[in-house]
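Single-structure report; data block below.
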Amino acid sequence: MSRSTTLWRTAALLAASGIALAACGTTGGGDDPTGNGDGGGGNDAGGDCSAVFAYVGPLTGPAANLGINIVNGSTLALEQFLEANPDCEVTLERFDTQGDPAQATSLVGEIVGNDDIIGVVGPTFSGETAATGEVFAQAGLVTVSPSATNPALTTNGWDTFHRIIGNDDTQAPAVATYLENIGAEGVFVIDDASEYGAGLGGGVVDALGDLVVGTETIQVGDTDFGPAVTAVNASGADAVYFAGYYAEAGALVSQLRSGGYDGLFMSGDGALDPGFVEAAGAAADGAVLTCPCAPADEEFTAAYQESAGQEPGTYSTEGFDALNILLQGLLEGNTDRASMLEWVNGYDAEGITKHIKFDESGEVAEVVVYAYPVADGAIQLGEPIE
Amino acid sequence: MAFQYVLDQFVSLFVGGLVFGSVYALIALGYTMVYGVLQLINFAHSEVFMFGTFATVWALWLVGADATTAGVALVASLAVAMLIAMITSGGVALLLERVAYRPLLNRGAPRLIALISAIGASFVLSELMGLRGALASALGVDDVLGRYVARSRENLGLPTDRTFTVQFEVLGYGVTNKDIIIVLAALLMMIAADQFIRRTRLGRGIRAVAQDPESASLMGVNSTRVIQLTFLIGGLLAGAAATLYMLQVGLTRYNAGFLLGVKAFTAAVLGGIGNLRGALVGGLVLGVAESLGSGLFGSEWRHVVAFVLLVVILLFRPTGLLGESLGKARA
């Protein structure tokens, strides 16, 4: 076990430094979009800026895309950091949970047991965060999640938990605002019974009040949604909101359309993934996806594309910001878990997604929710919901 | 509990259940036939079905069908896709028999060993599909295969248009051409399989081996051939079920077979495992019960309804609804 970890670490180090060197050669002179070191370059930290950070979340499995977006965003932050601070030895270790709380629970011991790890990007999903939060809290290992949005996560008293994204309680009122703005008359809310889906779906139902004409719960992994389609058609709803992940969202919209439903289909950040459009095809056109995550600007898109070889996706910008907070802490000389935790708790600076500052419970202070329309077989750029 | 809702939407829920039940029934035939002949539960049959769903999509890509394909061209492409799916699933089933069962049976291994082998084969087939992208890039052919291996752990959608036209209305519910096609196609295929077993020489061979393998081989029946044939028929029907499933559901995934397999196996047991007509009855009853149960209690209770029904029926009829084995079926 430790052998392979060392191997991995060495390989990751080599790969990261190789990419950083290559980046030095090609981009040279461009101004630094990370905001690292307050415009000063930040080389002053000297030799004591070595650290290992961990990414915790899915890299394989049915919801791998979101995790890969995050890890690519974080990797870009790391590359830019290493370019600006060539003396530092920083690596990002990847722990693949497949998005499964059970897998996450079995990995978390390894993570907190590795004293070299002083900060965590993740966990990615609410379920795995709920399952591992206590262990991170006891170990005093700071976690910055780019994407776990279940509201209850900040009520556990975990000092180590932070998220740089608005929770589902903030997304739900924005969904209601959006639906009211477009003049929806009846909304049918479906959730997938997951930690995330049930939280978001419940919030949307509360926020919509009388506009809700029906609710239904499906199961993650199900493929036939015939009874749900019947219920939607019977309710006479002119909008459907699905709180769940893209695998089920694709199947659901596809079956709603073939079942004769022609109203608006909306879903949340869990469905904001090219996989949703690819699987559902033409049925996805016209759908609107809400997300407290920010779209990538041109500069970020270009840098991300060069680094990852693909377009940035959902949570890529948040993945960038999450690791960036930790990296800036490292530059300030926080090289152990306790001081890194203190640094993140007191963090107050501009990120690429929003102004980042955490409250006592670990919630980010500023929240903007965006609506991403689907058209012409692709997810278009999001607009803030006001 | 929503009795009024179920009454209002009865036709919609019933037809939906019938359609999905037809798919269950077609897959259930594969379980029931293999069980009838070998007293073996072929747990990898769900993966035989899953390969059929992928073959359907790939075949449609190959013939160039997309969202704009309509009319005769659409029907023809779907027919070709179904044929290719049947051949693929039949092929996978034969391969499965050759690799995972025959070596064991030839050495006289206990049935339990074959069961473990079946579960193992199920994982292997499912992961082969899920890792096809990684396999292709390891072999250096991922550029050639392109989208056939891209995003191999993600959902894969049916490329054709899935808006169906309403043919006629029953009590306010519009029955679409898709509903009719799925139920009719499934029924036709099951009748064909049933008649094949009952009336043909090869079918008689299957029944003979199911009744008494030793006497059958003394009477000149080649039992290896019969077992192959059984797997082949099961595979062909699973392939047909796969295309019908894709019409209904619209997308598939490398692990799509698991849940369907469990349900189809349940349908086979419900109808009386080993009994062809039982598989049909079991599939339809299960599909309709799930659909009505979902309407009554909510979709999240769907699987609970299915298995409570199974337990209740087995309490009163331990051999299933029709409860007669393939071997004892009279010609």
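So the protein lines, in turn, are chains W and L.
Sequential numbering of the first sequence, starting at 1, is according to the numbering used here.
Sequential numbering of the second sequence, starting at 1001, is according to the numbering used here.
Glycine included, C-beta positions come from ideal geometry on N, C-alpha and C.
Every value quoted in this text rests on a predicted model; they were computed, and no experiment measured them.
- Leaving aside the five residues that flank A1136 (chain L) on each side, the residues in its chain whose CB is nearer than 6 Å to its CB run, in chain order, D1142, L1145, V1149.
- Interface flag for T1163 (chain L) against chain W is set, since a Cβ pair is found closer than 8 Å.
- If you look at A1085 (chain L), you'll find it in the alpha helix (DSSP H) that goes 1071–1096.
- Using a C-beta cut-off of 8 Å, the segment 1025–1032 of chain L makes contact with the segment 1264–1278 of chain L, since at least three inter-stretch Cβ pairs fall below that distance.
- If you check the CB distance, L1094 (chain L) and G1235 (chain L) come in under 8 Å.
- P1159 (chain L) has a beta carbon lying within less than 8 Å of a beta carbon in chain W.
- At least 8 Å separates the CB of R1132 (chain L) from every CB of chain W.
- Neighbours of A1256 (chain L) in chain W, taken as residues at a C-beta separation under 9 Å, are given in chain order as T223.
- Here P373 (chain W) carries a strand assignment [DSSP, helix/strand/coil].
- Contact annotation, G61 (chain W) with R1153 (chain L): C-beta distance approximately 7 Å; criterion of less than 8 Å satisfied.
- For Y315 (chain W), there is no enclosing beta strand (DSSP E), as DSSP marks it with neither H nor E.
- Within a 10 Å sphere around the beta-carbon of S1294 (chain L) sit 16 or more other beta-carbons, which makes this residue buried.
- The beta-bridge partner set that DSSP reports for V187 (chain W) consists of W:V212, W:A239.
- As summarised for the segment 248–325 of chain W, the continuous beta strand (DSSP E) elements at least 3 residues long and confined to that stretch are 264–267, 288–291, given in chain order.
- Taking 8 Å as the cut-off, the beta carbon of V121 (chain W) is found no closer than this to the beta carbon of V344 (chain W).
- R1201 (chain L) counts as exposed, since fewer than 16 other beta carbons sit within 10 angstroms of its beta carbon.
- Listed as beta-bridge partners of P384 (chain W) by DSSP are W:Y370.
- Contact check between the segment 1281–1293 of chain L and the segment 1240–1247 of chain L: fewer than three CB pairs, one atom from each, fall below 8 Å, which does not count as touching.
- In its chain, beyond the 5 residues on either side, P58, G61, A63, F125 have a beta carbon closer than 6 Å to the beta carbon of G99 (chain W).
- In the structure shown, the three-state DSSP call for D348 (chain W) is strand.
- DSSP, reduced to helix, strand and coil, places L1062 (chain L) within a helical segment of the structure shown.
- Within the segment 1022–1067 of chain L, the runs of alpha helix (DSSP H) that reach at least 4 residues and sit entirely inside it are, in chain order, 1045–1062.
- DSSP places V135 (chain W) in the helix class (H, G or I) of the three-state scheme.
- For a Cβ distance threshold of 8 Å, residue set S1299, E1300 of chain L lies close to I218 (chain W), ordered along the chain.
- Taking a Cβ-Cβ cut-off of 9 Å, the neighbours of D1008 (chain L) in chain W comprise A234, given in sequence order.
- Note on geometry: alpha-carbon atoms of V112 (chain W) and S194 (chain W) lie some 26 Å from one another.
- A straight-line Cα-Cα distance of about 24 Å links G1071 (chain L) and S1022 (chain L).
- Boundaries of the beta strand (DSSP E) around K357 (chain W): 355–357.
- Residue contact with chain L for T301 (chain W): absent (no Cβ-Cβ distance below 8 Å to any residue of chain L).
- Secondary structure remark: continuous beta strand (DSSP E) runs of at least 3 residues inside the segment 142–194 of chain W, in chain order: 143–145, 161–163, 187–191.
- For T230 (chain W), the chain L residues whose Cβ falls inside 9 Å of its Cβ are Q1009, S1012, L1013, G1016, Y1173, S1291, S1294, G1295, in order along the chain.
- L:R1162 is the residue among L:R1098, L:E1097, L:R1162, L:R1151 whose C-alpha sits nearest the C-alpha of R257 (chain W).
- Rounded to whole angstroms, the Cβ separation of G351 (chain W) and N69 (chain W) is 16 Å, and the two are not in contact under 8 Å.
- Distance from the CA atom of F320 (chain W) to the CA atom of A1238 (chain L), rounded to whole angstroms, is 46 Å.
- In this structure G1257 (chain L) touches S1046 (chain L) by the C-beta definition: roughly 4 Å separates them, less than 8 Å.
- The Cβ atoms of I1119 (chain L) and F1043 (chain L) lie closer than 8 Å to each other.
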